[in-house]
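S.K.: Heads up: the protein sequence lines correspond to chains Y and C, in order.
Residue -2 is where the first sequence starts when you use the working numbering, and the numbers rise one by one after that.
Residue 404 is where the second sequence starts when you use the working numbering, and the numbers rise one by one after that.
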Amino acid sequence: MTEPILELRSVNKSFGMVHVLRDVDFAVYPGEVTALVGDNGAGKSTLVKAIAGIHPIDSGEYLFDGQPVTVHGPNDVAALGVEVVYQDLALCENLDIVSNMFLGRELRQRGVLDEARMETMARQALASLSVRTVKSVRQTVSSLSGGQRQTVAIAKCVLWNSKVVLLDEPTAALGVAQTRQVIDLVRRLADQGLGVVLISHNMVDVFEVADRICALYLGRVAAEVKTSEVTRGQVVELITAGHSGDLGLAPAEAAQST
Amino acid sequence: MTTTQSPTAKAELGDSAFAIDDHSDQTFGEAARGYWRRVRGGDMGSLPAILGLVVLFVVFGLANDRFLSALNLANLVTQAGSICVLAMGLIFVLLLGDIDLSAGVAGGVSACVMALTMTGRGWPWWAAVLAGVLCGALIGLAIGLLRAKLGIPSFVVTLAFFLGLQGVTLKLIGEGGSVRVDDPVIRGITIGNLPVAVGWGCAVVVVAAFAGLELVKHRGKVTAGLHHAPLGVVVARIVGVAAVTLGVTFLLSLNRSVNPRIEIRGIPYVLPLVVVLLIGLTFVLTRTRYGRHLYAVGGSAEAARRAGIDVDRIRISVFVICSALAAVSGIIAASYGGKVSASSGAGNVLLYAVGAAVIGGTSLFGGKGRAADAVIGGVVVATIANGLGLLNQSSYINFLVTGGVLLLAASVDAISRRRRSAAGLG
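Next up, the structure:
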């Protein structure tokens, strides 16, 4: 089995009295899509923010490429090559696609913006993902649909040669056709060798694109399984009850978490 | 994509969206239709201002035969100068969706500092101007810090400064008095003229440089296979700039003296000053990383913050730039009036400048605007003031009309914004 590109070992995180993450083990493998599922309040967002460096972890190990790293903030994580695409997309509507993809990291030539190189690189990044739906890279983002915006946000990760991409509910607000496009995109991202984490409530999407599934239940990892080895019903049980047959937390342990 | 592509890369492109990516609007006609579509969609830019200007010129020209005389047009240029500069400063603040109500008075205080250091302390004009501009920048810094660090809405901060700074001017000058500005250089900004030959030389250089840069840029984009406008549009743009520049130079080179024994001709110095500022600020806004970040913060401060942009620093910087340009504007106004009084920069000065920016097509909601908008809008506002003045209307009419025009411009902005979001345009 390949080594995980990013791994968290027995991570704990509390906010005051609330113990949000309990001994969580989580691994992201290069070239695979790992789905992170769980009910509201299971700790998905906290886990993502811990990975992104927004919330420092209380205890546990953060490994990147097999090496333990210390993470002090979002910039450390970004420097490792980990990108997070948030649910609200963090794009500037009044700027065009190229400007948005390079926002904060504009290329310059003798102090002046190097528009030609930025446009070429943006085109290449979008082309490498076989994006079909965007008419021109000089369109402003306000003229794009939700799916197209998601595409731009994801393509930005390719542009910066990220190694791990975390997608926070990328299809939550999208229609059927647009969801299709984004799911295809997620697959292509993994095919390029990136480690992809997909946070989703949508079991159809998860089973379509994910290679493995990590189910969180009240701050614990209920199970980490290969998608091919479980059924949809089992995953739903893992999400709602923390166990399913002999998978997942022991019933006593699950009850104790509450 | 470059033209030197391997066949595999081409095949890949064939699958991508960019196979159909139009690198340019194919023809001039299509470009024109595309523009019309944008206008109908609410993305009008400075078109209403230019149309308004034409209407104003026709109306005032018919109502008063002196309006179109060379003398009055030269007056118009000098009157528009300070409004244009103030409006260009306000563009920076408006781009972030903020407002600076104190810009006019900040200009008044700065001009006052300049006048007092010159007459009271005998400083040379350049040192006094520097002191004035520095004073403006400090005022801007204070406003910016209060806005960005304390989070007080800019409307309230600058309203407080609007009132407070009037008190400062009063204290500096003394009740009801005024300070004369008679330094020949400062006065010369608005009453002196470039020699005719130099004026023509500058105009030709400006046109040639603009045409050269535009053509080189277009050539470069075509060879690199990047998104570009058709050649026809580029040529039309060059012809437009050339016509305006050379036309204005011609009018200002005519003898405009009413007294047959003296000759007054040439471009007032204030015009090249405005043009230099316009070019410099346009460069900053469109070609530098700082400018790009300004638009980004105006579009979505949260997105900019996540992209690693220091939003607070950007916010403080725009107030510094705005107030420093307000100081320049105040100095031009002092040059025109020959004095600084307690009411300098108060009254409707700021209203004129905000009106100028908005009429020119800058959005009050942030994220959209150009330095050129301020100049076009400034000319419109100055034309209204100048024309109504010639018609000997009482000043209440002037207030009513200017207020009405500002309201109209803001309505156009709000409506076009709604249509833009409906039409899905930027």
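Yeah, the Cβ is synthetic: ideal placement off N, Cα and C, and Gly gets one too.
Check the Cβ of Glu166 of chain Y against every Cβ in chain C and list those closer than 7 Å, keeping chain order.
M.R.: Within 7 Å Cβ-Cβ: nothing; Glu166 of chain Y doesn't reach chain C, min ~17 Å.
S.K.: Mind pulling the chain C residues with CB within less than 9 Å of Cys89 of chain Y?
M.R.: What Cys89 of chain Y touches in chain C: Tyr698, Ala699, Val700, Gly701, Gly702, Ser703, Ala706, Ala707, Ala710, Gly770.
S.K.: Can you check whether the CB of Gly781 of chain C is closer than 7 Å to the CB of Ala759 of chain C?
M.R.: Closer than 7 Å, so yes.
S.K.: Would you please verify whether the beta carbon of Arg695 of chain C is less than 7 Å from any beta carbon of chain Y?
M.R.: At least one chain Y Cβ lies under 7 Å of Arg695 of chain C.
S.K.: Are any of the Cβ atoms in chain C nearer than 7 Å to that of Gly101 of chain Y?
M.R.: Interface residue, yes.
S.K.: So that I know if they touch, is there some Cβ in chain Y lying closer than 7 Å to that of Arg690 of chain C?
M.R.: Closer than 7 Å to some Cβ of chain Y, the Cβ of Arg690 of chain C qualifies, so yes.
S.K.: Which runs of the alpha helix (DSSP H) at least 4 residues long sit entirely within the segment 604 to 671 of chain C? Give them in chain order.
M.R.: List check, alpha helix (DSSP H) in window: 634 to 656.
S.K.: Whose CA, out of C:Ser557, C:Gly635, C:Phe564, C:Leu657, lies closest to the CA of Pro598 of chain C?
M.R.: Comparing Cα positions, the closest option is C:Leu657.
S.K.: Taking only the alpha-carbon atoms, compute the straight-line gap between Ser427 of chain C and Phe558 of chain C and give it to the nearest angstrom.
M.R.: In this prediction, Ser427 of chain C scores a pLDDT of 49, lower than 50, which makes its location untrustworthy; the coordinate-derived value is nonetheless stated afterwards. Whole-angstrom Cα-Cα distance: 42 Å.
S.K.: In or out: Val131 of chain Y buried (at least 16 other Cβ within 10 Å) or exposed?
M.R.: Buried, since its Cβ has 16 or more Cβ neighbours within 10 Å.
S.K.: Looking at chain Y, which residues of the segment 602 to 634 of chain C have a Cβ within less than 9 Å of any of its Cβ atoms?
M.R.: Listed by position along the chain: Gly623, Lys624, Ala627, Gly628, Leu629, His630.
S.K.: At least one CB of chain C closer than 7 Å to the CB of Val162 of chain Y: is that the case?
M.R.: Chain C, which has no Cβ nearer than 7 Å to the Cβ of Val162 of chain Y, makes this no.
S.K.: Can you list the residues of chain C that Leu156 of chain Y reaches, using a CB-CB cut of under 9 Å?
M.R.: In chain order: nothing, as chain C lies at least about 13 Å away.
S.K.: Does any C-beta atom of chain C lie closer than 7 Å to the C-beta of Leu92 of chain Y?
M.R.: Closer than 7 Å: yes.
S.K.: Less than 7 Å between CB atoms is the rule here; does Leu182 of chain Y satisfy it with respect to chain C?
M.R.: No, Leu182 of chain Y does not count as interfacial toward chain C.
S.K.: Return the first residue and the last residue of the beta strand (DSSP E) that Asp165 of chain Y is part of.
M.R.: Segment 161 to 165, the beta strand (DSSP E) holding Asp165 of chain Y.
S.K.: Quick one: Cα of Ser282 of chain Y to Cα of Leu182 of chain Y, how far?
M.R.: Limits of chain Y in this structure are -2 at one end and 255 at the other, which puts residue 282 of chain Y out of reach.
S.K.: Restricting to Cα atoms, I'd like to know which of C:Leu566, C:Leu549, C:Val588, C:Tyr438 is closest to Ala530 of chain C.
M.R.: It is C:Val588 whose Cα lies nearest to the Cα of Ala530 of chain C.
S.K.: Cβ-heavy atom distance between Gly190 of chain Y and the ligand HEM below 6 Å?
M.R.: The ligand HEM is not part of this structure, which contains no ligands at all.
S.K.: Grab me the residues of Ile196 of chain Y's own chain with a C-beta within less than 7 Å of its C-beta, minus the 5 sequence neighbours each way, in chain order.
M.R.: Only Leu33, Lys41, Val45, Leu164, Asp165, Glu166 meet the Cβ criterion.
S.K.: Can you check whether the CB of Ala238 of chain Y is closer than 7 Å to the CB of Thr224 of chain Y?
M.R.: Not closer than 7 Å, so no.
S.K.: Considering only residues of the segment 532 to 581 of chain C, which uninterrupted alpha helix (DSSP H) runs meet the minimum length of 4 residues and lie entirely inside it, listed in chain order?
M.R.: Here the runs fully enclosed are 557 to 576.
S.K.: Exposed or buried, Lys413 of chain C, counting other C-beta atoms within 10 Å across all chains shown (16 or more means buried)?
M.R.: Any reading at Lys413 of chain C must be qualified, since the residue scores a pLDDT of 37, below 50, and its modelled position is unreliable; the value itself is stated next. With fewer than 16 other Cβ atoms within 10 Å, it is exposed.
S.K.: I'd like to check one pair, Leu728 of chain C with Val488 of chain C: are the Cβ atoms closer than 7 Å?
M.R.: In this structure, Leu728 of chain C lies closer than 7 Å to Val488 of chain C by Cβ.
S.K.: Could you check whether Gly807 of chain C and Leu498 of chain C sit closer than 7 Å to each other, using their CB atoms as the reference points?
M.R.: Against a cut-off of 7 Å, the Cβ pair of Gly807 of chain C and Leu498 of chain C comes out as no contact.
S.K.: For Glu0 of chain Y, which of helix, strand or coil comes out of DSSP?
M.R.: DSSP places Glu0 of chain Y in coil when its eight states are reduced to three.
S.K.: Per the contact definition of three or more C-beta pairs closer than 8 Å, is the segment 590 to 604 of chain C in contact with the segment 664 to 684 of chain C?
M.R.: Result yes; three or more Cβ-Cβ pairs closer than 8 Å.
S.K.: Return the Cβ separation of Val677 of chain C and Gly484 of chain C in integer angstroms, given the expectation that the two are a contact with Cβ distance under 8 Å.
M.R.: Their Cβ separation, rounded to whole angstroms, is 6 Å, which keeps Val677 of chain C and Gly484 of chain C in contact under 8 Å.
S.K.: Verify whether the separation of the beta carbon atoms of Gly101 of chain Y and Gly604 of chain C is less than 7 Å.
M.R.: Cβ distance not < 7 Å, so Gly101 of chain Y and Gly604 of chain C don't count as in contact.
S.K.: Taking Cβ positions, are Leu568 of chain C and Val516 of chain C nearer each other than 7 Å?
M.R.: In this structure, Val516 of chain C does not lie closer than 7 Å to Leu568 of chain C by Cβ.
S.K.: Taking only beta-carbon atoms, is Leu104 of chain Y less than 7 Å away from chain C?
M.R.: No, because no Cβ of chain C sits closer than 7 Å to the Cβ of Leu104 of chain Y.
S.K.: Does DSSP put Ala238 of chain Y in a helix, a strand or coil?
M.R.: Three-state result, Ala238 of chain Y: helix.
S.K.: When the Cα atoms are used, what is the spatial distance from Gly769 of chain C to Ile494 of chain C?
M.R.: Computed Cα separation, rounded: 9 Å.
S.K.: Would a check of beta-carbon distances place Asp234 of chain Y closer than 7 Å to chain C?
M.R.: This sequence places Glu at residue 234 of chain Y; Asp is not what is there. Cβ-Cβ to chain C under 7 Å: no for Glu234 of chain Y.
S.K.: Taking 7 Å as the threshold (C-beta atoms), are Met200 of chain Y and Arg229 of chain Y in contact?
M.R.: Yes; because the gap between Cβ atoms is below 7 Å, this pair is in contact.
S.K.: Apart from the five residues just before and just after Ile536 of chain C, which ones in its own chain have a Cβ nearer than 6 Å to its Cβ?
M.R.: A quick correction: the sequence has Val, not Ile, at residue 536 of chain C. Cβ neighbours of Val536 of chain C beyond the five flanking positions: Ala727, Ala730.
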